[in-house]
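In order, the protein sequence lines correspond to chains A and B. All the letters of the first sequence, read from the start, carry residue numbers 1 to 231 under this note's numbering. All the letters of the second sequence, read from the start, carry residue numbers 232 to 354 under this note's numbering. The C-beta atom is built at its ideal place from N, Cα and C for all residues, glycine as well. Notes follow once the structure below has been shown.
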Amino acid sequence: MTLLECKHLTKKFGKRNVLSDISLQVNGGHIIGLLGPNGSGKTTLIKLICGLLTPTSGEIYVNEMPIGTSSKKVISYLPDHSYLNDWMRVRDIIDYFEDFYEDFESIRAYDMLAKLKINPSDKLKTMSKGTKEKVQLILVMSRRADLYILDEPIAGVDPAARDYILDTILSNYDENASILISTHLISDIENILDQVIFLQNGVIRLHTFVDDIRQKEQKSVDALFREVFKC
Amino acid sequence: MSWNLDSDRPIFLQIIQKIQTDIISGFYQPGDKLPSVRELASEASVNPNTMQKALSELERTGLVYSQRTSGRFITEDHKMIQHLKSELAQKIIEEFLEHMSQLGIQREEAIALITETIKGETK
């Protein structure tokens with residue numbers, strides 16, 4: 001079964017085409033990097049898949065069903081900005097997620113918090129930007145979802161914690177689940193990716209296996225990205 | 232244990248080399264059980280699919296075999312391991328000679344340099 005399928009997806013904001021004729025398929029069990037320069041349409045594509053925007057034309061299917069309640073149930077989404085209430089304590093947010101999502105596992109959340117030395121009684125308000133990001137990622141990865149969509153998950157986090165977060169991502173998803181990660185920090189994450197999608201001005205420039213890039217071009221994904229998107 | 236993988240060469244090839252080296256050096260003994268794909272992937276910070284691909288390739292060459300329910304094991308064929316060892320050693324020597332010839336150093340001179348270096352070490 002195809003986990004995610006986009007067919008001729010187009011999104012316009014006013015007259016501007018933000019995404020034009022995007023078609024792609026993703027099966028379960030992959031970690032896919034969604035890469036592209038600023039303004040290439042990464043976040044827009046993610047928001048369409050999450051059902052937060054509606055396409056101008058084209059279709060999206062998750063588990064062969066159109067976007068709706070059923071797709072939201074199986075997608076765990078980390079947005080590029082926080083939507084959590086600052087006055088809440090981590091513990092309260094975990095309770096909230098527990099109520100909200102059937103597939104949320106508090107035990108895993110508390111376990112990851114302990115490993116990153118985050119106190120569950122702390123309020124979000126008192127935390128640094130990086131720590132808040134860690135909390136959000138923990139919440140997202142504590143669900144047993146089919147598709148994890150992470151929009152810039154490691155941007156504000158220090159390099160040491162980045163390693164732990166990548167490890168968290170690797171060890172906390174099911175074998176049949178897939179992860180779509182959008183980021184600029186390619187060199188930090190490229191070893192955990194098995195596929196990449198290069199997005200440029202709203203069209204897919206490249207969708208391929210990472211080791212194919214290394215084999216054919218003898219280059220890292222980071223080096224290829226710099227070459228393709230040279231300013 | 233550090234994996235030190237480069238991003239500009241296929242990761243699965245580097246994983247294969249790394250595990251081969253670990254077998255030859257005796258880090259993994261013949262008959263040892265390998266950690267699971269998950270554990271290895273997490274240790275090396277690579278995608279589990281990539282690790283799976285590398286292990287399948289090692290299995291194809293016979294260096295590793297899998298028992299359906301209990302996991303993957305290192306071959307108990309000592310000859311095969313010996314053979315791999317001399318094969319890899321051969322490759323390293325060829326690469327070394329290639330580098331030397333790029334520096335304009337001929338074989339005899341290279342051998343003399345090696346002997347000298349070893350003498351220096353044992354002093």
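Quick check: what's the CA-CA separation for A/H207 versus A/Y96? 37 Å
Does any C-beta atom of chain A lie closer than 8 Å to the C-beta of B/I345? For B/I345, no Cβ of chain A is located within less than 8 Å of the residue's own Cβ.
Distance, A/C50 Cα to A/K72 Cα: 7 Å
Exposed or buried, what is B/R303 when buried is set at 16 or more other beta-carbons lying within 10 Å of its beta-carbon? buried
State the start and end residues of the unbroken alpha helix (DSSP H) segment that holds A/Y61. Unbroken run through A/Y61 is the beta strand (DSSP E), 57 to 62; no alpha helix (DSSP H).
Ordered along the chain, which non-local residues of its own chain (more than five positions away) have a Cβ less than 7 Å from that of A/L48? For A/L48, same chain residues with a beta-carbon under 7 Å away, outside a window of 5 residues either side, are L9, K11, P55, I60 in chain order.
Closer than 7 Å: B/E288 CB and nearest the ligand ZN heavy atom: Within the structure as shown, the ligand ZN is missing, as the structure has no ligands at all.
Using a Cβ-Cβ distance cut-off of 8 Å, determine whether A/V62 contacts chain B. Put simply, the CB of A/V62 is far from chain B, with every gap to its CB atoms at 8 Å or more.
Give the straight-line distance between the Cα atoms of A/S20 and A/P66, rounded to the nearest whole angstrom. 19 Å
Beta-carbon separation (whole angstroms), A/D80 vs A/D174, contact threshold 8 Å: So it is not a contact: roughly 24 Å between Cβ atoms.
Which ranges would you report for the alpha helix (DSSP H) in the segment 281 to 353 of chain B if only whole runs of at least 4 residues count? Whole alpha helix (DSSP H) segments, 4+ residues: 309 to 333, 338 to 353.
Within 8 Å (strictly less), CB to CB, does A/N85 reach chain B? no
Between the C-alpha atoms of A/T2 and B/I246, what's the straight-line distance to the nearest angstrom? 29 Å
Alpha-carbon spacing of B/E270 relative to B/R291, whole angstroms: 21 Å
Neighbour-count burial assignment, A/S76, 16 or more Cβ in a 10 Å radius: buried
Which class does A/S76 belong to by DSSP, given the choice of helix, strand or coil? strand
So A/S40 and A/G202 are supposed to be a Cβ contact under 8 Å. How far apart are they, rounded? The C-beta distance from A/S40 to A/G202 rounds to 7 Å, short enough to fall under 8 Å.
Cβ of B/L265 within 8 Å of Cβ of B/I305? yes
B/R291 at chain A interface by Cβ criterion, 8 Å: Closer than 8 Å to the CB of B/R291 there is not a single CB belonging to chain A.
For B/A197, count the other beta carbons within 10 Å of its own beta carbon; 16 or more makes it buried, fewer makes it exposed. Which is it? This structure leaves residue 197 of chain B out entirely; chain B is present only between 232 and 354.
Reduced DSSP secondary structure (H/G/I, E/B, other) of A/L185: coil
Sub-8 Å separation of A/L35 and A/F209 beta-carbons: Contact: no.
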